[in-house]
Structure formats: C-alpha cells, structure tokens
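Visitor: Under my numbering, the first residue of the sequence shown is numbered 2, with each subsequent residue one higher. Don't be surprised by glycine CBs; every beta carbon is placed ideally from N, CA and C. Dumping the structure here so I can ask a few things about it.
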Amino acid sequence: MRSNFRPNIRIATNILLVISIFAIALKLSPIAEVYEEKNLCIKYLKHQVDRDTLIKRLKIVKQANPSGICESILKS
C-alpha cells in the first residue's frame, strides 16, 4: 500500500499558496485605490481630465474646490 504523505503535503502547499495570494491581493487593494486617486488628481492638474469627471470619480460635492482636494491628496 502506497503512502499518501507526499500528495497530501502537495495539496496542503497549494491551498496555502492560494490563501496567501488572496491575502496579498486584499492588502494591495487599498494601496491601489490611493494611487488611482493620485493619478486622477495629476491628470486634473495637467488639464487631461475635466472637473465633472474628477468630482464624479472622487465622489465629492460639486461646491468643493477640486484643486484644494487634489493638493491634499497629493501631499499624503
């Protein structure tokens, strides 16, 4: 009768790899959102994106000053 030790270790290793990949992806998601906002602000300041698009994507109030908000986002 053959031992199931090696296949069991291989399956356990694969399961741990999948779990760790998802954990890394979940950790990187908020960082990606911050950089997406920074890139959007840079495009706005370079006049590549209009004010309405910036307001819609950042979900800010229309009366807010987008330049001031972008400056605070870029400082952080």
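For ILE10, which residues of its own chain have a beta-carbon under 7 Å away from its beta-carbon, when the five flanking residues on both sides are left out?
Guide: none
Visitor: Look at the Cβ atom of LEU104, then the Cβ atom of LEU41, and state whether they are nearer than 8 Å.
Guide: Residue 104 falls outside the range modelled here, since the chain spans only 2 to 77, and no answer is possible.
Visitor: From the DSSP output, in three-state form, read off ALA85 for me.
Guide: Since the first and last residues shown for the chain are 2 and 77, residue 85 lies out of range.
Visitor: In its own chain, which residues sit with a C-beta less than 7 Å from the C-beta of LYS44, not counting the 5 before and 5 after it?
Guide: If you ignore the 5 residues before and after LYS44, its C-beta comes within less than 7 Å of the C-beta of VAL50, all in its own chain and listed in chain order.
Visitor: Assign LYS44 to one of three DSSP states: helix, strand, or coil.
Guide: helix
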